[in-house]
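Below: the structure, in structure tokens.
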Amino acid sequence: PVLPQGWTAEKDFKPLGKISKPIQRSIEPVGPHFLAHARRKRHHRTFSEDERI
Amino acid sequence: MSAEEDNGVTVTPPERLAIGIAFGNSNSSIAHTGSDGKPVVIANEEGDRQIPSVLSYIEGEEFHGNQAKTQLIRNSKNTVAYFRDYIGKSFDSIDPSASHASAHPQKHDKTVAFSIHDTSSESPNTVTVQEIASRHLKRLISSASDFLGQSVNAVVITVPTNFSEDQKKELEAAARDAKVELLQFIPEPIAAALAYDARPETEVRDKIIVVADLGGTRSDVTVLASRGGMYSILATSHDYEFAGQNLDQVLIDHFAKEFIKKNKSDPRENPRGLAKLKHESEATKKALSLGTNATISIESLSEGIDFSSTVNRIRYETLANKVFGGITRLIEDTVKKAELDLLDVDEVILSGGTSHTPKIASNIATIFSQTTRVLAPSTLATAINPSELTARGAAIQASLVQEFDVDDIVQSAHPMVTVAPHLHNAIGVLLLSGDASRGIFRPVLDPETPVPAKRTVTFATPREGGDVLIKICEGIRDIKVTKPEPKPKTNGATVKDADEDDSDMSDSDEEEEEEDLRERAWKVGTELAEVAIKGVKKGGKVEITLNVNAELGLQVVAREVGSKTGVRGVVEKPEH
Numbered sequence: 023p024v025l026p027q028g029w030t031a032e033k034d035f036k037p038l039g040k041i042s043k044p045i046q047r048s049i050e051p052v053g054p055h056f057l058a059h060a061r062r063k064r065h066h067r068t069f070s071e072d073e074r075i
Numbered sequence: 406m407s408a409e410e411d412n413g414v415t416v417t418p419p420e421r422l423a424i425g426i427a428f429g430n431s432n433s434s435i436a437h438t439g440s441d442g443k444p445v446v447i448a449n450e451e452g453d454r455q456i457p458s459v460l461s462y463i464e465g466e467e468f469h470g471n472q473a474k475t476q477l478i479r480n481s482k483n484t485v486a487y488f489r490d491y492i493g494k495s496f497d498s499i500d501p502s503a504s505h506a507s508a509h510p511q512k513h514d515k516t517v518a519f520s521i522h523d524t525s526s527e528s529p530n531t532v533t534v535q536e537i538a539s540r541h542l543k544r545l546i547s548s549a550s551d552f553l554g555q556s557v558n559a560v561v562i563t564v565p566t567n568f569s570e571d572q573k574k575e576l577e578a579a580a581r582d583a584k585v586e587l588l589q590f591i592p593e594p595i596a597a598a599l600a601y602d603a604r605p606e607t608e609v610r611d612k613i614i615v616v617a618d619l620g621g622t623r624s625d626v627t628v629l630a631s632r633g634g635m636y637s638i639l640a641t642s643h644d645y646e647f648a649g650q651n652l653d654q655v656l657i658d659h660f661a662k663e664f665i666k667k668n669k670s671d672p673r674e675n676p677r678g679l680a681k682l683k684h685e686s687e688a689t690k691k692a693l694s695l696g697t698n699a700t701i702s703i704e705s706l707s708e709g710i711d712f713s714s715t716v717n718r719i720r721y722e723t724l725a726n727k728v729f730g731g732i733t734r735l736i737e738d739t740v741k742k743a744e745l746d747l748l749d750v751d752e753v754i755l756s757g758g759t760s761h762t763p764k765i766a767s768n769i770a771t772i773f774s775q776t777t778r779v780l781a782p783s784t785l786a787t788a789i790n791p792s793e794l795t796a797r798g799a800a801i802q803a804s805l806v807q808e809f810d811v812d813d814i815v816q817s818a819h820p821m822v823t824v825a826p827h828l829h830n831a832i833g834v835l836l837l838s839g840d841a842s843r844g845i846f847r848p849v850l851d852p853e854t855p856v857p858a859k860r861t862v863t864f865a866t867p868r869e870g871g872d873v874l875i876k877i878c879e880g881i882r883d884i885k886v887t888k889p890e891p892k893p894k895t896n897g898a899t900v901k902d903a904d905e906d907d908s909d910m911s912d913s914d915e916e917e918e919e920e921d922l923r924e925r926a927w928k929v930g931t932e933l934a935e936v937a938i939k940g941v942k943k944g945g946k947v948e949i950t951l952n953v954n955a956e957l958g959l960q961v962v963a964r965e966v967g968s969k970t971g972v973r974g975v976v977e978k979p980e981h
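In order, the protein sequence lines correspond to chains Z and B.
Numbered according to our numbering, the first sequence terminates at residue 75, and the numbering increases by one at each position without gaps.
Numbered according to our numbering, the second sequence terminates at residue 981, and the numbering increases by one at each position without gaps.
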């Protein structure tokens with residue numbers, strides 16, 4: 023949508039709410055994408071750190 | 406996959422050759438992934454890719470697979486079949502009915518055993534189900550080793566989702582006895598999904614998948630969320646009444662009635678007649694999956710009388726209608742159990758031997774929307790053979806973890822790694838309207854996505870460009886019910902009040918559901934953030950990246966495509 027007149031926010035970003043309560047579930051330890059996830063989690067890496075390697 | 410970053414210490418495991426094994430109650434199969442990365446299902450010495458999970462003994466000689474299966478007629482007491490589900494269970498907890506026509510399971514200490522003449526000696530031996538499983542695995546592995554020309558020393562085995570830890574432990578021991586390293590157990594439905602998703606032409610896409618694994622003695626239905634190529638199980642069902650053997654029974658009864666009409670004796674009343682009829686009815690059933698007509702012919706079925714007959718597919722489908730209906734209901738119930746609507750399902754994977762039945766696939770296709778892909782040979786030309794799916798999936802996983810330390814595999818499968826918060830609602834962007842209660846919601850991250858997760862999407866901006874406001878909100882799954890538009894040219898048919906259509910956001914018209922058009926929709930939930938991007942070019946596009954971290958903090962990056970600068974912001978993690 024078009025920016026309404028008079029809308030202002032610090033650095034053009036206005037946080038309003040929070041993400042609602044998640045559900046705890048188990049990811050199946052199968053497939054290449056899981057193995058990448060497990061590698062990130064075990065080495066406490068973020069996505070971008072992982073991409074750099 | 407890189408396994409070389411083990412704190413700099415490179416432990417070289419002895420050279421492994423791993424295969425995938427789909428271990429079923431009725432049939433098993435073995436598969437290997439070659440250097441080209443494509444999984445191949447291996448045939449045994451008899452040329453079978455679907456190897457019956459049957460062992461039989463004649464004067465101390467062991468028969469396996471189809472050779473053993475034919476012994477169910479002449480040598481049923483020394484033939485062991487349908488034993489997979491007895492593994493790791495106490496005698497009191499098993500349903501032995503499938504083994505009625507073969508060696509009967511017996512109570513033996515805390516486990517199940519069979520009393521069979523497996524040596525040439527006069528007296529029978531008591532052989533535990535674990536030992537039987539081990540012998541079966543040995544035969545499968547030796548078939549694979551012969552085919553590959555190298556000895557196989559590691560396996561990934563598929564198991565049902567309700568296989569208990571005790572069952573896994575005992576099967577692991579059976580694998581150890583068969584002299585192979587068990588790398589991992591993987592659930593059958595996940596193996597089936599992986600077999601499709603690992604094909605090079607498949608794009609990683611967020612989708613809800615239903616896997617219907619229709620086997621010989623049981624049918625298992627699983628609802629999965631596939632997010633970023635990772636699978637989370639949302640609901641499972643197991644059924645022992647609507648499976649392949651129930652379809653065999655339909656044909657057995659049909660042919661038996663025909664035989665009685667002509668000969669006044671029931672072939673089902675003597676065990677050998679029944680065994681012959683069962684064996685041939687199963688073959689007839691398979692023929693009816695391929696052709697529209699099938700014949701059956703049995704020498705000396707009962708009282709020395711031969712029997713031969715034909716049946717066409719339509720007749721069979723009529724007779725089997727009840728079983729087909731049971732399978733469809735099982736799928737509907739499982740989707741409901743996952744708290745989803747049939748419209749939420751993107752893909753249905755039909756797996757298992759019974760999935761070859763064309764009518765089952767077409768029945769299933771009718772309960773879903775037209776956009777749902779039903780992956781079965783009769784509904785999709787590029788479908789993978791449903792009998793091969795789980796073995797292929799296991800082979801793919803085997804090739805992925807083959808180089809890993811077993812400790813690494815175990816640690817990766819640990820709940821510390823696998824349990825993650827999954828988004829309850831979708832997170833996305835509100836388009837078109839400035840009013841949060843209206844407008845169109847476009848999901849960027851779907852519900853059930855495990856975090857951390859990151860997605861990037863591109864949106865068109867208002868045509869004139871200028872300053873643009875982006876609203877990030879949560880979206881709640883909803884079903885939009887629309888009354889069908891009255892056709893303008895029908896003669897005299899009541900034209901419904903057009904104003905009624907405006908109430909379509911409320912789902913109050915339950916009683917007219919059949920006529921109503923139901924479609925997936927999103928209700929706008931909590932607004933999370935607003936972002937302004939100023940001075941967008943005419944016809945410009947905006948790229949938005951949403952990154953949810955493990956604590957559910959949300960990082961937003963928005964920029965016009967082509968520009969270097971963008972707006973960044975963070976929505977703090979919630980307190981709960």
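Backbone N, C-alpha and C define an ideal beta-carbon position, used for all residues, glycine too.
Since the structure is predicted, the reported quantities are computational estimates derived from the model, not experimental observations.
Exercise. Using a Cβ-Cβ cut-off of 6 Å (strictly less than) and excluding sequence neighbours within five positions of B:A486, which residues of its own chain qualify?
Worked result: Translated into the one-based positions of the second sequence, residue 486 of chain B becomes position 81. Correct list, in chain order: V459, S507.
For this session: Please name the residue or residues paired with B:F457 in a DSSP beta bridge.
Result: Position 52 of the second sequence, counted from the first residue, corresponds to residue 457 of chain B. Note that residue 457 of chain B corresponds to Pro in the displayed sequence, not to Phe. Looking at the DSSP assignment, B:P457 forms a beta bridge with B:N432.
Exercise. Does DSSP put B:Y487 in a helix, in a strand, or in coil?
Worked result: Looking up residue 487 of chain B in the second sequence gives position 82. Three-state result, B:Y487: coil.
Exercise. Relative to the C-alpha of B:V628, which residue among B:G621, B:G620, B:H643 is closest?
Worked result: Here residue 628 of chain B refers to the residue found at position 223 when the second sequence is read from its first residue. Checking every option, the nearest Cα to that of B:V628 belongs to B:H643.
Problem set entry | Boundaries of the beta strand (DSSP E) in which B:A788 is found, first to last residue | If you number the second sequence from 1, residue 788 of chain B lands on position 383. Where B:A788 is concerned, there is no enclosing beta strand (DSSP E), given that its DSSP letter is neither H nor E.
Problem set entry | Whole beta strand (DSSP E) elements within the stretch 727-775 of chain B, 3-residue minimum | 752-756
For this session: Quick one: measure Cβ to Cβ for B:G880 and B:N954, integer angstroms, because I've assumed they're closer than 8 Å.
Result: Here the question's residue 880 of chain B lines up with position 475 in the second sequence. Here the question's residue 954 of chain B lines up with position 549 in the second sequence. The pair is not a contact, with the Cβ atoms about 20 Å apart (cut-off 8 Å).
For this session: State the DSSP-derived secondary structure class of B:I499, mapped to helix, strand or coil.
Result: Stepping through the second sequence from its first residue, residue 499 of chain B is reached at position 94. Three-state DSSP puts B:I499 in coil, outside helix and strand.
Problem set entry | Bridge partner(s) assigned by DSSP for B:P605 | Mapped onto the second sequence, residue 605 of chain B falls at position 200. Paired residue(s): none; B:P605 is not in a bridge.
Exercise. Alpha carbon to alpha carbon, how far is B:S702 from B:A796?
Worked result: Within the second sequence, numbered from 1, the residue matching residue 702 of chain B stands at position 297. Within the second sequence, numbered from 1, the residue matching residue 796 of chain B stands at position 391. One C-alpha to the other measures close to 33 Å.
Problem set entry | B:K494 versus B:S569 - alpha carbon distance | In the second sequence, residue 494 of chain B corresponds to position 89, counting from 1. In the second sequence, residue 569 of chain B corresponds to position 164, counting from 1. Those two C-alpha atoms are separated by around 9 Å.
Exercise. According to DSSP, is B:D658 helix, strand or coil?
Worked result: Within the second sequence, residue 658 of chain B is the residue found at index 253, counting from 1. It is helical.
For this session: Drop a sphere of 10 angstroms on the beta-carbon of Z:H65, count the other beta-carbons inside from all chains shown, and report buried for 16 or more, exposed for fewer.
Result: By 1-based counting over the first sequence, the position of residue 65 of chain Z is 43. Classification for Z:H65: exposed.
Problem set entry | Cβ pair B:K876, B:L835 closer than 7 Å | Residue 876 of chain B sits at position 471 when you count from the first residue of the second sequence. Residue 835 of chain B sits at position 430 when you count from the first residue of the second sequence. Yes, they are a contact pair.
Exercise. From the beta carbon of B:G971, is the nearest beta carbon of chain Z less than 7 Å away?
Worked result: As a working mapping, residue 971 of chain B is identified with position 566 in the second sequence. For B:G971, the answer is no, since every Cβ of chain Z falls outside 7 Å of its Cβ.
Exercise. Mind checking if B:E577 is an interface residue toward chain Z, Cβ cutoff 7 Å exclusive?
Worked result: Working through the second sequence from its first residue, we reach residue 577 of chain B at position 172. So, not an interface residue.
Problem set entry | Beta-carbon neighbours of B:N830, restricted to chain Z and to distances below 7 Å | As a first step, residue 830 of chain B must be located in the second sequence, where it is residue number 425. In chain order: S42.
Exercise. Checking contacts by CB at 7 Å: is Z:G28 closer than that to chain B?
Worked result: For the purposes of this step, residue 28 of chain Z is taken as the residue at position 6 of the first sequence. Not an interface residue.
Exercise. CB B:Y491 to CB B:I478, shorter than 7 Å?
Worked result: Here the question's residue 491 of chain B lines up with position 86 in the second sequence. Here the question's residue 478 of chain B lines up with position 73 in the second sequence. No, the Cβ-Cβ distance between B:Y491 and B:I478 is not below 7 Å.
Problem set entry | Where B:I435 falls, given that 16 or more other Cβ within 10 Å makes a residue buried | Residue 435 of chain B sits at position 30 when you count from the first residue of the second sequence. Looking at its Cβ environment, which holds 16 or more other Cβ atoms inside 10 Å, B:I435 is buried.
Problem set entry | Given B:V962 as reference, the closest of B:E935, B:R882, B:A692, B:V616 once Cα atoms are compared | Locating residue 962 of chain B in the second sequence gives position 557, counting from the first residue. Checking every option, the nearest Cα to that of B:V962 belongs to B:E935.
For this session: Would you kindly work out how many angstroms separate the C-alpha atoms of B:L693 and B:E793, rounded to a whole number?
Result: Taking the second sequence and counting its residues from 1, the one referred to as residue 693 of chain B is at position 288. Taking the second sequence and counting its residues from 1, the one referred to as residue 793 of chain B is at position 388. Each residue's Cα considered, the two are about 19 Å apart.
For this session: Closer than 6 Å by C-beta to B:R847: which residues in its own chain qualify, once you throw out the five before and the five after it? Chain order, please.
Result: As a working note, residue 847 of chain B is residue 442 in the second sequence. Once the five neighbours on either side are set aside, the close Cβ partners of B:R847 are G833, V834, L836.
Problem set entry | Beta-carbon neighbours of B:A818, restricted to chain Z and to distances below 7 Å | As a position in the second sequence, residue 818 of chain B is number 413, starting the count at 1. Going along chain Z in sequence order, the residues near B:A818 (Cβ under 7 Å) are P51.
Exercise. Are the C-beta atoms of B:Q802 and some chain Z residue less than 7 Å apart?
Worked result: The residue labelled residue 802 of chain B in the question sits at position 397 within the second sequence. For B:Q802, the answer is yes, since a Cβ of chain Z falls inside 7 Å of its Cβ.
For this session: Run down chain B in chain order and give the residues with a C-beta less than 8 Å from the C-beta of Z:R67.
Result: Position 45 of the first sequence, counted from the start, is the residue given in the question as residue 67 of chain Z. Per Cβ cutoff of 8 Å: no residues; Z:R67 is ~10 Å from chain B at best.
Exercise. By how many angstroms is the C-alpha of B:S539 removed from the C-alpha of B:V585?
Worked result: Against the second sequence, residue 585 of chain B aligns to sequence position 180. Against the second sequence, residue 539 of chain B aligns to sequence position 134. Straight-line Cα distance between these residues: approximately 10 Å.
Exercise. Quick one: what's got a C-beta closer than 7 Å to B:P501's C-beta in the same chain, skipping five residues either side?
Worked result: Taking the first residue of the second sequence as position 1, residue 501 of chain B is located at position 96. H509, P510, listed in sequence order.
For this session: Measure how close the beta-carbons of B:V560 and B:A423 come, nearest whole angstrom, since I'm counting them as under 8 Å.
Result: Within the second sequence, numbered from 1, the residue matching residue 560 of chain B stands at position 155. Within the second sequence, numbered from 1, the residue matching residue 423 of chain B stands at position 18. Yes, they are in contact, since the Cβ atoms of B:V560 and B:A423 sit about 6 Å apart, within 8 Å.
For this session: Closer than 6 Å by C-beta to B:K939: which residues in its own chain qualify, once you throw out the five before and the five after it? Chain order, please.
Result: The sequence position of residue 939 of chain B within the second sequence is 534, counting from 1. Taken in chain order, the residues that qualify are D872.
Problem set entry | Straight-line gap, Z:T30 to B:S624 (C-alpha atoms, nearest Å) | Taking the first residue of the first sequence as 1, we reach residue 30 of chain Z at position 8. Taking the first residue of the second sequence as 1, we reach residue 624 of chain B at position 219. Rounded to whole angstroms, Z:T30 to B:S624 spans 58 Å at the Cα level.
For this session: Below 7 Å CB to CB, which residues in the same chain sit around B:A743 once its five sequence neighbours on both sides are set aside?
Result: Within the second sequence, residue 743 of chain B is the residue found at index 338, counting from 1. Excluding residues within five positions, the ones whose Cβ falls inside 7 Å are V628, L639, A640.
Problem set entry | Nonlocal neighbours in the same chain, by C-beta distance under 8 Å from B:L922, ignoring five residues either side | Taking the first residue of the second sequence as position 1, residue 922 of chain B is located at position 517. The answer, listed in chain order, is V886, T887, K888, P889.
For this session: Using beta-carbon positions only, say whether B:P676 and B:L706 come within less than 7 Å of one another.
Result: Your numbering for residue 676 of chain B matches position 271 in the second sequence. Your numbering for residue 706 of chain B matches position 301 in the second sequence. No. Outside cutoff.
For this session: For B:E450, count neighbouring C-beta atoms within 10 Å of its own C-beta (all shown protein chains included) and say buried if the count is 16 or more, exposed if not.
Result: Stepping through the second sequence from its first residue, residue 450 of chain B is reached at position 45. Exposed, because fewer than 16 other Cβ atoms sit within 10 Å of the Cβ of B:E450.
For this session: Quick one: which unbroken alpha helix (DSSP H) runs of 4-plus residues sit fully inside the stretch 619-688 of chain B? Chain order, please.
Result: 649-668
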